[in-house]
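Numbering (my numbering) for the sequence shown: 9 to 345.
Quick reminder that beta carbons are idealized off the backbone N, C-alpha and C, glycines included.
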Amino acid sequence: MNPTTGIYCNGETLAPEPVSLDFSTDGQLTIQGQTLHQLVSLSKIRFSDRLGSVPRFLYLPDGGTIETADNAAIDAVLAQQKGGRIASLIHLLEQHSRVAAAATLLVVAAVALTIKFGLPALAAITAERLPTEIEAHAGQVALSTIARVVAPSQLSGKEHRAIQARLDRLIELRPQRIEVKARFCSLGAQYPNAFALPGGIIVLSDELIALADVDGELEAVLAHELGHLEYRHGMRSLLQNSFTLLLATVVTGDLSALSSVAGTIPFLILQNGYARQFEVEADAYAASLMDDAGIDRRHFASILKKLEASRPPEGVDFSYLSTHPNTTERVNAITAK
9 MNPTTGIYCN GETLAPEPVS LDFSTDGQLT IQGQTLHQLV SLSKIRFSDR
59 LGSVPRFLYL PDGGTIETAD NAAIDAVLAQ QKGGRIASLI HLLEQHSRVA
109 AAATLLVVAA VALTIKFGLP ALAAITAERL PTEIEAHAGQ VALSTIARVV
159 APSQLSGKEH RAIQARLDRL IELRPQRIEV KARFCSLGAQ YPNAFALPGG
209 IIVLSDELIA LADVDGELEA VLAHELGHLE YRHGMRSLLQ NSFTLLLATV
259 VTGDLSALSS VAGTIPFLIL QNGYARQFEV EADAYAASLM DDAGIDRRHF
309 ASILKKLEAS RPPEGVDFSY LSTHPNTTER VNAITAK
């Protein structure tokens with residue numbers, strides 16, 4: 009089989025690396041990059057399902073991922089494996105089901121749309137019914153996009169794993185519908201930040217981790233981001249801001265448009281923020297989860313105040329608090345029993 013190409017991320021930092029992919033007939037994948045050489049058994053790789061012409065993701069056993077736009081190559085590999093033909097059949101059936109899916113959405117739209125609340129309501133309904141595979145693709149595309157414009161995390165792998173363990177302890181109290189993983193980057197001294205992407209991804213900047221230097225503060229941030237994931241705020245924001253395009257995507261069955269739009273999710277969140285309602289919901293979720301974990305809510309209030317104090321100069325939007333509700337209001341709501 010002819011080699012193809014992809015973009016590799018190691019699962020801890022967001023530093024992307026172009027790689028060549030060579031699938032052998034004996035069930036092995038050779039991954040070759042400038043600083044990387046791996047030989048991985050195909051039986052240990054999880055392949056994302058095909059969704060139109062959306063790029064595919066290969067999930068490696070060490071936590072790394074590879075994004076490739078060569079769907080034909082992946083289809084050929086899967087066709088050689090047990091279950092590959094079943095996946096292809098599902099892809100064919102999926103295309104025939106899109107007319108029914110579009111009709112369902114239009115019926116929901118006719119019932120739900122009103123002048124004032126229609127778009128948010130329809131976005132919420134649609135986000136709730138989106139297949140997990142589409143949400144996961146959107147998150148991976150968004151992660152790959154932001155990985156190209158941020159600096160790699162300077163924290164050690166040991167520090168990354170310790171933070172993931174803290175996140176896992178919160179998840180034990182509130183099991184999630186999908187696996188949630190922390191990813192790390194550096195945004196520069198002025199930009200302490202954290203945000204959740206669809207598909208169970210929480211991105212944390214080194215600067216925010218350093219700012220949350222009191223036990224309980226980082227848990228407060230993680231709990232808040234888990235709230236965004238629980239209520240699918242990322243997909244709902246994307247749908248509300250580009251719903252016409254996404255509806256056209258469903259009707260035509262061409263999910264490549266969804267792929268391109270999904271890449272704007274991190275910038276949508278970082279520059280425009282979430283709707284006030286979404287922040288209130290995530291704050292309430294975080295406060296409740298902190299209660300369950302035995303963490304004083306005042307730690308949430310303290311990290312909010314630190315973030316407020318670290319706000320960049322006027323005109324710089326790349327801030328965790330850039331469009332969030334008033335900090336004093338949030339602190340009062342969070343600390344109220």
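Rounded to a whole number of angstroms, what is the C-alpha to C-alpha distance between His236 and Gln46? On the sequence shown, position 228 is the one that residue 236 refers to. On the sequence shown, position 38 is the one that residue 46 refers to. Those two C-alpha atoms are separated by around 35 Å.
Would Gly41 pass as a contact of Glu20 if the rule is Cβ separation under 7 Å? Counted from its first residue, the sequence shown places residue 41 at position 33. Counted from its first residue, the sequence shown places residue 20 at position 12. Between Gly41 and Glu20, the gap from beta carbon to beta carbon reaches 7 Å or more.
Kindly give me the distance between the Cβ atoms of Val229 and Gly208, rounded to whole angstroms, as I take these residues to be in contact under 8 Å. For the purposes of this step, residue 229 is taken as residue 221 along the sequence shown, with counting starting at 1. For the purposes of this step, residue 208 is taken as residue 200 along the sequence shown, with counting starting at 1. Rounded to whole angstroms, the Cβ separation of Val229 and Gly208 is 16 Å, and the two are not in contact under 8 Å.
Given Asp30 as reference, the closest of Asn10, Arg64, Leu195, Ala144 once Cα atoms are compared: Here residue 30 is taken as the residue at index 22 of the sequence shown, counted from 1. Here the closest residue by C-alpha is Asn10.
Quick check on the DSSP output: the beta strand (DSSP E) that includes Ile74 runs from which residue to which? As a working mapping, residue 74 is identified with position 66 in the sequence shown. Note, Ile74: beta strand (DSSP E), 73-76.
Cβ-Cβ distance between Ala190 and Leu175 below 7 Å: The count along the sequence shown starts at 1 and reaches residue 190 at position 182. The count along the sequence shown starts at 1 and reaches residue 175 at position 167. Pairing Ala190 with Leu175 gives a Cβ-Cβ distance under 7 Å.
Which of the three DSSP states, helix, strand or coil, is assigned to Arg174? Reading the sequence shown from its first residue, position 166 is the one you call residue 174. The three-state reading of DSSP puts Arg174 in helix, counting H, G and I together.
Is Phe65 near Ser56, with beta carbons less than 7 Å apart? Counted from its first residue, the sequence shown places residue 65 at position 57. Counted from its first residue, the sequence shown places residue 56 at position 48. Against a cut-off of 7 Å, the Cβ pair of Ser56 and Phe65 comes out as a contact.
Roughly how many whole angstroms lie between the Cα atoms of Leu195 and Gly71? For this step, residue 195 is matched to residue 187 along the sequence shown. For this step, residue 71 is matched to residue 63 along the sequence shown. Those two C-alpha atoms are separated by around 23 Å.
Would you list the residues sitting across from Tyr293 in a DSSP beta bridge? Position 285 of the sequence shown, counted from the start, is the residue given in the question as residue 293. DSSP lists no partner for Tyr293.
Is there a C-beta anywhere in chain C that falls below 7 Å from the one on Leu29? Reference to chain C is not applicable here, since this structure consists of a single protein chain.
Does the region 302-314 come within contact of the region 239-246, defined as at least 3 CB pairs closer than 8 Å? Flag = no, the region 302-314 and the region 239-246 do not touch.
Indicate, with yes or no, if the ligand GTP has a heavy atom lying under 6 Å from the CB of Leu195. Ligands displayed in this structure: none; no statement on the ligand GTP is therefore possible.
Looking at the strands, I want to know which residues DSSP matches up with His145. By one-based count along the sequence shown, residue 145 stands at place 137. Partner(s): none; His145 has no beta bridge.
How far does the beta strand (DSSP E) with Ile210 in it extend, from its first residue to its last? For the purposes of this step, residue 210 is taken as residue 202 along the sequence shown, with counting starting at 1. 209-213 is the extent of the beta strand (DSSP E) around Ile210.
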